[in-house]
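**Q** Residue numbers (this note's numbering), protein chains in the order written: chain A, 22 to 283; chain B, 22 to 283. Idealized CB from N, CA, C, for every residue including glycine.
There are 2 protein chains.
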Amino acid sequence: MSDLLSEKTPIRARHIRPGQGQAVEVKTGQLLQIQTLQGKQVADFVAFTQGDTEEFLSTSVTRAANATIVPKLGMMLYSNRRQPMFEIVEDTVGRHDMLYACCDPVRYEMLGAPGHASCREALTEALGGYGIGHDRIPSPINWFMNVAILQRGELEIREPLAEKDDYVVLRALKDVVAAVSACPQDLVPTNGSNPTDLSVRVYRNEPLPPPPVMEEEPGTVEPSPLAAPVVAMNPTPRPALLQATPEATVYRVARVDPGDPS
Amino acid sequence: MSDLLSEKTPIRARHIRPGQGQAVEVKTGQLLQIQTLQGKQVADFVAFTQGDTEEFLSTSVTRAANATIVPKLGMMLYSNRRQPMFEIVEDTVGRHDMLYACCDPVRYEMLGAPGHASCREALTEALGGYGIGHDRIPSPINWFMNVAILQRGELEIREPLAEKDDYVVLRALKDVVAAVSACPQDLVPTNGSNPTDLSVRVYRNEPLPPPPVMEEEPGTVEPSPLAAPVVAMNPTPRPALLQATPEATVYRVARVDPGDPS
Chain A
22 MSDLLSEKTP
32 IRARHIRPGQ
42 GQAVEVKTGQ
52 LLQIQTLQGK
62 QVADFVAFTQ
72 GDTEEFLSTS
82 VTRAANATIV
92 PKLGMMLYSN
102 RRQPMFEIVE
112 DTVGRHDMLY
122 ACCDPVRYEM
132 LGAPGHASCR
142 EALTEALGGY
152 GIGHDRIPSP
162 INWFMNVAIL
172 QRGELEIREP
182 LAEKDDYVVL
192 RALKDVVAAV
202 SACPQDLVPT
212 NGSNPTDLSV
222 RVYRNEPLPP
232 PPVMEEEPGT
242 VEPSPLAAPV
252 VAMNPTPRPA
262 LLQATPEATV
272 YRVARVDPGD
282 PS
Chain B
22 MSDLLSEKTP
32 IRARHIRPGQ
42 GQAVEVKTGQ
52 LLQIQTLQGK
62 QVADFVAFTQ
72 GDTEEFLSTS
82 VTRAANATIV
92 PKLGMMLYSN
102 RRQPMFEIVE
112 DTVGRHDMLY
122 ACCDPVRYEM
132 LGAPGHASCR
142 EALTEALGGY
152 GIGHDRIPSP
162 INWFMNVAIL
172 QRGELEIREP
182 LAEKDDYVVL
192 RALKDVVAAV
202 SACPQDLVPT
212 NGSNPTDLSV
222 RVYRNEPLPP
232 PPVMEEEPGT
242 VEPSPLAAPV
252 VAMNPTPRPA
262 LLQATPEATV
272 YRVARVDPGD
282 PS
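1. Going along chain B in order, which residues have a C-beta closer than 9 angstroms to the C-beta of E142 (chain A)?
2. Are any of the Cβ atoms in chain A nearer than 8 angstroms to that of Y129 (chain B)?
3. Please identify the residue among B:A85, B:E75, B:R116 and B:A86 whose C-alpha is closest to the C-alpha of V189 (chain B).
4. Following a CB-centred definition, is F66 (chain A) positioned closer than 7 angstroms to any heavy atom of the ligand COA?
5. Output, in sequence order along the chain, the residues in the region 106 to 140 of chain B whose CB is closer than 7 angstroms to any CB in chain A.
6. For the candidate residues A:Y129, A:D118, A:S202 and A:T113, whose alpha-carbon lies nearest to that of R102 (chain B)?
7. Determine, using beta carbons only, whether I55 (chain B) and V223 (chain B) come nearer to each other than 8 angstroms.
8. In terms of DSSP beta bridges, what is F165 (chain A) paired with?
9. Given that a residue counts as buried once 16 or more other Cβ atoms are within 10 Å of its Cβ, and exposed if not, what is A249 (chain B)?
10. For T145 (chain A), go through chain B and note every residue whose CB falls closer than 8 angstroms to its CB, in chain order.
11. Rounded to the nearest angstrom, how far is the Cβ of G152 (chain A) from that of T74 (chain A), given a contact under 8 angstroms?
12. Any chance the region 34 to 43 of chain B sits against the region 133 to 145 of chain B, with 3 or more Cβ pairs inside 8 angstroms?
13. Evaluate the contact criterion for the region 170 to 185 of chain B versus the region 147 to 162 of chain B: three or more CB pairs, one atom per stretch, below 8 angstroms.
14. Taking the CB atoms as reference points, tell me whether A199 (chain A) and F66 (chain A) lie closer together than 8 angstroms.
15. When the cut-off is 8 angstroms and only beta carbons count, does G174 (chain A) lie next to chain B?
16. Any idea which residues DSSP pairs S202 (chain B) with across the strands?
17. With a threshold of 8 angstroms, are at least 3 pairs of Cβ atoms found where one atom belongs to the region 87 to 97 of chain B and the other to the region 110 to 125 of chain B?
18. Select from B:G60, B:P216 and B:K195 the residue whose C-alpha is nearest the C-alpha of Q51 (chain B).
19. For the alpha helix (DSSP H) that contains S81 (chain B), what are its first and last residues?
20. Please identify the residue among A:V47, A:R35 and A:F165 whose C-alpha is closest to the C-alpha of A68 (chain A).
21. So is K185 (chain A) buried or exposed if we call it buried at 16+ other beta carbons inside 10 Å?
22. Compare the C-beta of A64 (chain A) with all C-beta atoms of chain B and state if any pair is closer than 8 angstroms.
23. Are any of the Cβ atoms in chain A nearer than 8 angstroms to that of T89 (chain B)?
24. Give the range of the alpha helix (DSSP H) segment to which C130 (chain B) is assigned.
25. Along the chain, where does the alpha helix (DSSP H) that runs through R141 (chain A) open and close?
26. Taking 6 angstroms as the limit between beta carbons, can you name the residues of its chain near A253 (chain A), skipping five residues before and five after?
27. In terms of residues, what are the limits of the beta strand (DSSP E) holding I109 (chain B)?
28. By the 7 angstroms beta-carbon criterion, what residues does the region 65 to 76 of chain A contribute toward chain B?
29. Is R103 (chain B) close to chain A, meaning its C-beta is less than 8 angstroms from at least one C-beta of that chain?
30. Please list the terminal residues of the continuous beta strand (DSSP E) segment that includes H137 (chain A).
31. Can you confirm whether the region 72 to 89 of chain A touches the region 206 to 215 of chain A when touching is taken to mean that 3 or more C-beta pairs between the two stretches lie within less than 8 angstroms?
32. In three-state terms, what does DSSP make of R157 (chain A)?
33. With Q54 (chain B) as the anchor, note down where its beta strand (DSSP E) starts and where it stops.
34. Are R225 (chain A) and E108 (chain A) closer than 8 angstroms when you measure CB to CB?
35. Would R35 (chain B) pass as a contact of V197 (chain B) if the rule is Cβ separation under 8 angstroms?
36. Using only CA atoms, which one of A:M119, A:L132 and A:P216 lies nearest to A169 (chain A)?
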């Protein structure tokens, strides 16, 4: 359970099965927790301003405003009007994606699985009551999705680093409608080849306890780098040493009660 | 002048000054050339299906479908419905961006330059006749924009590699409305700190001459890498050698008549 949220009771809770989507309304200051219940599960995430859905969470503005491709602790997430919509206030994983589109029916046709459930359809269904159709599902933030960037900008989808009960917590900076789908992709390693359930909870705007103590695992200091330093302009081949990718070590927030499954 | 286009006369031509945008209609099979007339100038580019502007060029689907963050020769550009909209059939530069949002009024306010011209406003004005408003300008492809990706996913805007008369040519795979703005950003190195003019031309669908002969400059083989091989999971510091970024060498298509300024 989250340190920030350990004394709180959610005011809204949704359990999401792979291929399903859920929308939740979150008021300014409230906290939104997105948690993987079994681990290695991606949460596709989109959000709109309540009552003005022409404004939505924009991954391209978020990348540009933060000058990064990686969503990380303390960062603001911005709308297409370059207004802050969320702050990332807790993150037990540190590896997420904001480059990939939602999986959709055409993607599964191309993979030889026509009719497969998809995030775009799940989010469209979840947001139907807000008048947001299939074509208007924005480019999502894919919480827990682990995408490596190779030498020439190639993208490689890897198994998520998220383990059972890992989560992110976002503080809403506007009144928003957020929607989350549990990605049903089981044909590539997006969800460790085994999609599982997610939990989404909303907590009231209350004073937060002091920030949690950070515990470092032996030998780890901070989130592992996503890509090597830029050698972009150097056309010579990389040393073989750097082709190796040792297993990740990740920064984890200490948990008050790691045995609590809620 | 382009090898593909050297014998052709454009059916539409637009000259675009920094801070301006222009929309052009391009039918299936026609060729769209976007050219920097002085060099080091970014062209923000968006496109919609003619008569059905709910379908638009999607950078996130294009990244996902090609598993890359780098637009390059031979690649298809996809719509939000995962349908091919364009193929990149010529590219004299090989370094473009599809991560950054358009510059917009809020960006310039933050830079201390309220009221500065912006790509989002220029594209909105160019597309006004098609009913596409400010909030619906998609994340663009930024032709000639040079963005380096650093070790932990940080983005760094550098001066474009494009020189005078460099260009890309796209073949339309649908009937589209495309819009291009000449980025007016003069406060950071996006346009080499000196925005200049662009040219946009549309050519008929005609049989193309054979592909141009590739000329390699001494010591160059192919486009320079954007980022080093993934050492993402290795928390040890990179060797100092790889921190250096020697000046780029770029792959250039041979030109039939390099003296022809048109």
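**A** With the given structure in hand:
1. Chain B residues near E142 (chain A): none, gap ~13 angstroms exceeds 9 angstroms.
2. no
3. B:R116
4. Judged by which ligands are present, the structure shown has none, so any question about the ligand COA falls away.
5. L120, Y121, A122, D125, V127 and R128
6. A:Y129
7. No, these two residues do not count as a Cβ contact at 8 angstroms.
8. Looking at the DSSP assignment, F165 (chain A) forms no beta bridge with any residue, so it has no partner.
9. Because the pLDDT of A249 (chain B) is 39, which lies under 50, any placement of that residue in the model is unreliable, and the question is left without a value.
10. Those within 8 angstroms of T145 (chain A) in chain B number zero; the least Cβ separation is about 12 angstroms.
11. 7 angstroms
12. These segments touch.
13. no
14. Going by C-beta atoms, A199 (chain A) is nearer than 8 angstroms to F66 (chain A).
15. yes
16. B:G42 and B:D65
17. yes
18. B:K195
19. Taken as a continuous stretch (DSSP letters only), the alpha helix (DSSP H) holding S81 (chain B) covers T80 to N87.
20. A:V47
21. exposed
22. Taking Cβ atoms only, chain B never reaches closer than 8 angstroms to A64 (chain A), which makes this a no.
23. Under the 8 angstroms criterion on CB atoms, T89 (chain B) is classed as interfacial with respect to chain A.
24. This sequence places Glu at residue 130 (chain B); Cys is not what is there. Residues P126 to M131.
25. C140 to A147
26. Residue confidence for A253 (chain A) is low, a pLDDT of 34 falling below 50, so the modelled location carries little weight; the figure read from the coordinates is stated next. If we look at A253 (chain A) and ignore the five residues flanking it on each side, it has no Cβ neighbours.
27. P105 to D112
28. E75 and E76
29. R103 (chain B) counts as touching chain A.
30. Per DSSP, H137 (chain A) belongs to no beta strand (DSSP E) and is neither H nor E.
31. No: the two stretches stay apart, fewer than three of their Cβ pairs being nearer than 8 angstroms.
32. helix
33. L52 to T57
34. no
35. no
36. A:M119
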